[in-house]
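Following: one structure in C-alpha cells, then a few remarks.
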Amino acid sequence: MGETVRGYLVVKVLEAAGHNGEDRKVWDDTLKEAFVKIEIRGGARTVKKQTSTCKVSDNVVNWEEQLALEHLDGAGELRILLCRPKPAGERGSSIIAACGIYMRDILDAVPIDKYFELFKPGEGLEGGFIRISMNYLRPDQVRNVNGLLQGSKKKGSLLPKVLLTAAVVAGGAFAYKTYQEKNGKKEEEPKKKGGWGKK
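What follows is the structure, given as C-alpha cells:
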C-alpha cells in the first residue's frame, strides 16, 4: 500500500511537570529521567520520533527539542507519551503518562503552544502536564524534506529557517513592488496587437 504524505507536523517538546491542576505531586520519587515519544497513528504506518533523555529536577523536565513527523494520508491521531528509560541491560521503556489529540483538531488550531494534560495508562489517573508547541507545513512549503525530518533536536532547528526563507522571498517581492511604485514605474502590459511594451 502506497503512502501519501499530506504534510509535516513540526512539534517542539518544551517541558513536562509532575503535578496536577491543584499543584499536587503525581509522579513518584523514583522518576529520575524521562523522554518523550511522539507518534502519529492511523495511516499506512505509525510515524514515530522521540526526544533525548533528560533529568527530572524538582518534579520538572526540560527539553526544548524539535521533532518533525510526516503526516500520512489516513493518520488521525497524535499520541504524546512521557516515558521512563529502563535500567541498563533491559530493553525498551515504560510509559509514565500519555495523551492523544485528533489530527483534525491540531490542523484547525495550528500554530499551537500550550500545556496538555497527561494521564497514566490503564488507570486514567492524573499524570501531570506537558508543554508542546506545534506547527504544520504542507509538502510545497518544504524544500529540504530530509533536512527537516533529520534536523530535529535543540536550538537552531530547521523550521525557523524554512519560515525565514519564505519571509525573505515575500519581503523581496514586496520591496521591489514598493520601489517600482515610488519611482512611478508600472508593470509592463501587453500591447493590443500581441507583444509586450510600456503603456
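Under this note's numbering, read the sequence shown as residues 18 to 216, first letter to last.
Idealized CB from N, CA, C, for every residue including glycine.
Keep in mind that this is a model prediction, so the values were computed, not measured.
Extent of the continuous alpha helix (DSSP H) to which residue i belongs
i, result
"residue 126", "120-126"
Environment of residue i [buried if 16+ CB atoms lie within 10 Å]
i, result
"residue 131", "exposed"
"residue 82", "buried"
"residue 101", "buried"
"residue 142", "exposed"
"residue 109", "exposed"
"residue 140", "exposed"
"residue 199", "Note that residue 199 has pLDDT 49, beneath the 50 cutoff, so the model's placement of it is unreliable and no number is given."
"residue 56", "buried"
"residue 20", "exposed"
"residue 87", "buried"
"residue 66", "buried"
"residue 42", "exposed"
Presumed contact (8 Å Cβ cut-off) between residue i and residue j, rounded CB distance
i, j, result
"residue 76", "residue 32", "Rounded, the Cβ-Cβ distance is 11 Å, inconsistent with contact."
"residue 129", "residue 95", "11 Å between Cβ atoms; not a contact."
"residue 147", "residue 135", "6 Å"
"residue 120", "residue 92", "6 Å"
"residue 144", "residue 114", "2 Å"
"residue 54", "residue 98", "4 Å"
"residue 44", "residue 38", "Wrong, their Cβ atoms sit about 15 Å apart, outside the cutoff."
Counterpart residues of residue i in DSSP-defined beta bridges
i, result
"residue 49", "Partner(s): none; residue 49 has no beta bridge."
"residue 32", "79, 148"
"residue 24", "88"
"residue 142", "None; residue 142 has no bridge partner."
"residue 58", "94"
First through last residue of the beta strand (DSSP E) which encompasses residue i
i, result
"residue 98", "94-102"
"residue 64", "64-67"
"residue 166", "Unbroken run through residue 166 is the alpha helix (DSSP H), 162-167; no beta strand (DSSP E)."
"residue 135", "129-136"
Counting beta carbon pairs with one atom in the stretch 36-50 and one in the stretch 69-85, are three or more of them shorter than 8 Å? Yes, the stretch 69-85 touches the stretch 36-50.
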